[in-house]
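Peer 1: This note's numbering puts the first residue of the sequence shown at 157, with every later residue one more than the last.
Ideal Cβ placement from N, Cα and C applies to all residues, glycine included.
Here the structure is a predicted model, which is why all the values come from computation and not from measurement.
Can you keep this structure in mind? I'll have questions shortly.
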Amino acid sequence: MLNTPARVFSGAKTEARIKGRHGNYAWYLIKAEPIESVDAEQNFVLLAVESRSTNEDSDEYGRPRIGTLGLWDQIPIWSTRADGYLDYANDLWLKCAGLSFQQAMGWGWADGVHPDDREGMTEIWRMLVEKQIEGYAEARMGSDDIGWRWYLSRAFPSRDDNGTIVRWYGALFDISDRKRAENALRVSEAYLANAQRVSQTGSFGLNFSNGALYWSDETYRIFEQARSEHPSLEKAMARVHRDDIGLVQRALDHSAVHDDEIDFSCRLVTRNGGIKFVRVLAKPVKGRGETRELVGAVIDITAARVAEDKLMQTHLELAHVSRVTAMGEMSASIVHEVNQPLSAIVTHGGACLRWLNRSEPNLLEATTSIEHMMAEAKRAGEVVRRLHAFAKKESSARALVKINDVIMETLPLVNLQRQTKRIDQRLDLGDNLPEILADRVQLQQVLMNLVGNAVQAVAQNTGIESGSIHIQSSRSAEGELAVTVRDTGPGLIGDTLNRIFEPFYTTKKEGMGMGLSICRSIVESHGGRITAGNNADKGAYVRVVLPVNP
Ligand code: ADP
157 MLNTPARVFS GAKTEARIKG RHGNYAWYLI KAEPIESVDA EQNFVLLAVE
207 SRSTNEDSDE YGRPRIGTLG LWDQIPIWST RADGYLDYAN DLWLKCAGLS
257 FQQAMGWGWA DGVHPDDREG MTEIWRMLVE KQIEGYAEAR MGSDDIGWRW
307 YLSRAFPSRD DNGTIVRWYG ALFDISDRKR AENALRVSEA YLANAQRVSQ
357 TGSFGLNFSN GALYWSDETY RIFEQARSEH PSLEKAMARV HRDDIGLVQR
407 ALDHSAVHDD EIDFSCRLVT RNGGIKFVRV LAKPVKGRGE TRELVGAVID
457 ITAARVAEDK LMQTHLELAH VSRVTAMGEM SASIVHEVNQ PLSAIVTHGG
507 ACLRWLNRSE PNLLEATTSI EHMMAEAKRA GEVVRRLHAF AKKESSARAL
557 VKINDVIMET LPLVNLQRQT KRIDQRLDLG DNLPEILADR VQLQQVLMNL
607 VGNAVQAVAQ NTGIESGSIH IQSSRSAEGE LAVTVRDTGP GLIGDTLNRI
657 FEPFYTTKKE GMGMGLSICR SIVESHGGRI TAGNNADKGA YVRVVLPVNP
């Protein structure tokens with residue numbers, strides 16, 4: 157009996173006498189061919205053994221005596237003439253195909269192949285015979301009765317010393333388990349792809365050693381890249397907003413040497429010039445061998461960011477409306493409360509005149525009328541004083557605040573508006589600025605207005621470079637705190653320069669014209685002042701100066 161050699165190199169061939177089943181020796185040509193298995197790690201070796209003894213040439217069916225050795229009983233094998241005509245198949249092969257040898261002979265074997273795979277399999281076999289090359293095909297074999305199993309069928313030609321094909325040999329390898337696993341994998345991949353689609357979460361893998369990048373379908377979608385294009389770090393970086401490239405590069409550099417997870421958000425520029433917000437979560441892992449890989453997820457958070465911004469906007473609008481409503485109610489009550497004493501004064505004044513205009517003026521009555529007038533005027537004064545006290549009480553939530561904190565708290569509120577218009581932002585925040593006693597919410601309101609106006613002004617710019625805003629905090633020469641918001645918009649044109657702080661002065665279609673006038677009253681109630689003007693080069697500035705010890 158033959159043992160499978162531990163290692164056989166291609167084309168090994170020898171002749172030897174081998175003891176057959178019946179105890180007699182016969183000459184055999186033994187050929188060894190390495191066959192690469194499905195799992196490339198392992199080498200199956202298929203041995204072709206041809207009988208050289210004439211009396212052993214064929215069995216009772218006329219099958220050449222190939223494979224009478226024990227090894228063949230373990231592998232389903234077949235063999236054909238040089239022209240592809242099947243004239244040998246061992247019992248195991250016939251069992252797999254659910255055929256008798258008579259049925260399988262010639263080209264009849266195709267009946268053992270699943271109808272759906274038959275044409276493909278036959279075509280591949282014809283092609284191999286025609287091109288005279290070895291090859292393989294995958295197909296289901298069996299029958300409805302015995303069931304269908306998946307096989308990998310390999311075929312290779314055996315050549316004589318001149319290189320002419322004398323026979324073909326082949327074997328079947330059962331790959332049903334692999335196919336089942338592949339199917340299960342396909343199903344689970346389909347689920348995963350759907351889940352990624354629904355959650356707008358793509359996955360990626362980056363090999364630090366060779367820069368190879370893997371993307372899931374959803375990642376391709378997020379980066380708006382065709383599935384046919386190979387992803388690369390370079391192409392991915394080209395999508396990142398230029399202000400965020402530094403951030404992304406730092407995160408990558410960090411992961412190349414540190415093992416902790418990274419989690420950051422950045423902007424992508426879409427093909428039509430829009431902005432997409434993504435969050436990236438990733439962890440460096442050890443890949444095969446000594447390679448280092450970064451594996452992670454990229455989540456499209458644009459919708460969430462827009463919703464968040466809308467919510468914020470609604471909050472601000474609500475606050476605005478309630479302020480306006482409160483102002484309206486307050487003015488109504490002022491009108492009502494002050495009107496009463498005023499009309500009483502008019503009435504008493506008229507009476508006083510009548511007393512004085514008599515032919516004999518009644519000074520006593522006139523004096524009483526004047527006393528009434530004075531009492532009413534006092535009442536009006538009292539109403540005004542009460543309203544003033546009320547207004548003062550409303551705005552007395554003062555505490556020590558750091559102006560830079562207020563700036564940093566306010567910026568996110570206008571970020572989306574700024575980022576979607578691709579407006580850059582520069583911050584120059586002074587160090588060691590003193591804290592001031594102020595109403596934090598009111599100061600936020602002031603900054604919101606100034607930065608909001610600056611963004612709106614820059615957004616009017618046309619052209620490729622949309623422009624920028626610049627926010628600076630510093631200590632003035634007099635020791636006061638100064639916050640300046642500059643922009644590269646159209647600047648303060650014509651009337652605007654003088655009227656900018658006037659209540660209800662607006663040049664915007666949807667404007668109220670109350671923003672800056674409210675800013676002014678807030679700044680003044682803090683003992684500070686607000687000014688506006690045009691920058692030397694381009695755009696406008698608004699500057700708020702606040703005393704450190706009001
Ligand atoms: P609104 O923004 O509702 O119009 P504001 O009181 O905030 O009210 O502004 C009044 C007007 O001042 C604006 O309509 C605009 O014409 C002008 N303005 C304010 N800020 C700027 C700026 N940064 N650049 C140019 N014009 C500005």
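Do Val-434 and Asp-399 have their C-beta atoms within less than 7 Å of each other?
Peer 2: no
Peer 1: What three-state label does DSSP hand Ala-453 in the structure shown?
Peer 2: DSSP, read as helix, strand or coil, puts Ala-453 in strand.
Peer 1: Distance check for Val-441 and Glu-338, CA to CA, integer angstroms please.
Peer 2: C-alpha separation (whole angstroms): 25 Å.
Peer 1: Run through the region 529 to 612 for me and flag every whole alpha helix (DSSP H) of 4 or more residues, listed as ranges in chain order.
Peer 2: 559 to 576
Peer 1: Taking only the alpha-carbon atoms, compute the straight-line gap between Pro-678 and Val-602 and give it to the nearest angstrom.
Peer 2: Per the sequence shown, residue 678 should be read as Ile rather than Pro. Near 8 Å, if we compare the C-alpha coordinates of Val-602 and Ile-678.
Peer 1: Which ranges would you report for the alpha helix (DSSP H) in the region 248 to 285 if only whole runs of at least 4 residues count?
Peer 2: 257 to 260
Peer 1: Quick check: what's the CA-CA separation for Asn-571 versus Arg-342?
Peer 2: 42 Å
Peer 1: Would you mind sorting Gly-695 into buried or exposed? The rule is 16 or more other CB atoms within 10 Å of its CB.
Peer 2: buried
Peer 1: Please identify the residue among Tyr-307, Arg-305, Gly-326 whose C-alpha is closest to the C-alpha of Ser-314.
Peer 2: Gly-326
Peer 1: What whole-angstrom Cβ distance do Leu-702 and Ile-563 have, given they're in contact under 8 Å?
Peer 2: Not really, about 13 Å apart at Cβ, beyond 8 Å.
Peer 1: Can you tell me whether Met-297 is buried or exposed, with buried defined as 16 or more other CB within 10 angstroms of its CB?
Peer 2: buried
Peer 1: To the nearest angstrom, report how far apart Gly-586 and Val-502 are at their CA atoms.
Peer 2: 58 Å
Peer 1: Is it buried or exposed, Glu-449, if we count other Cβ atoms within 10 angstroms and call 16 or more buried?
Peer 2: buried
Peer 1: State the Cα-Cα distance for the pair Gln-302 and Ala-311, rounded to the nearest angstrom.
Peer 2: Gln is not the amino acid found at residue 302; the sequence shown has Ile there. Their backbone Cα atoms lie some 25 Å apart in a straight line.
Peer 1: Cβ of Gly-667 within 6 Å of any heavy atom in ligand 1?
Peer 2: yes
Peer 1: Rounded to a whole number of angstroms, what is the C-alpha to C-alpha distance between Leu-472 and Gly-506?
Peer 2: 49 Å
Peer 1: List the residues that DSSP assigns as beta-bridge partners of Asp-300.
Peer 2: For Asp-300, which the question treats as bridged, DSSP gives no partner whatsoever.
Peer 1: Quick check: Glu-374 and Gly-358, are their CB atoms within less than 7 Å of each other?
Peer 2: yes
Peer 1: Should Glu-532 be labelled buried (16 or more other beta-carbon atoms within 10 Å of its own) or exposed?
Peer 2: buried
Peer 1: Could you give the first and the last residue of the continuous alpha helix (DSSP H) run that contains Ile-378?
Peer 2: 373 to 378
Peer 1: Just mark Ser-299 as buried or exposed, buried being the case when its beta carbon has 16 or more other beta carbons within 10 Å.
Peer 2: exposed
Peer 1: Using the Cβ count rule (16 or more neighbours within 10 Å means buried), how would you classify Tyr-241?
Peer 2: exposed
Peer 1: Is Asp-643 close to ligand 1? I mean its beta-carbon at under 6 Å from any heavy atom of the ligand.
Peer 2: yes
Peer 1: Measure the CB-CB distance between Val-611 and Ile-579 and report whether it falls below 7 Å.
Peer 2: yes
Peer 1: Please name the residue in Val-404, Ala-368, Gln-405 whose C-alpha comes closest to that of Pro-387.
Peer 2: Ala-368
Peer 1: Using CA atoms only, rank isn't needed, just tell me which of Val-322, Arg-427, Gly-429 is closest to Ile-289.
Peer 2: Val-322
Peer 1: Just checking Asn-690 against ligand 1 - is the residue's beta carbon closer than 6 Å to any of the ligand's heavy atoms?
Peer 2: no
Peer 1: Thinking Val-698 and Val-641 are a contact (beta carbons under 8 Å), I'd like their distance in whole angstroms, please.
Peer 2: 5 Å
Peer 1: Note down the Cα distance separating Lys-395 from Leu-556, rounded to an integer number of angstroms.
Peer 2: Note that residue 395 is Arg in the sequence shown, not Lys. So the alpha carbons of these two residues sit roughly 43 Å apart.
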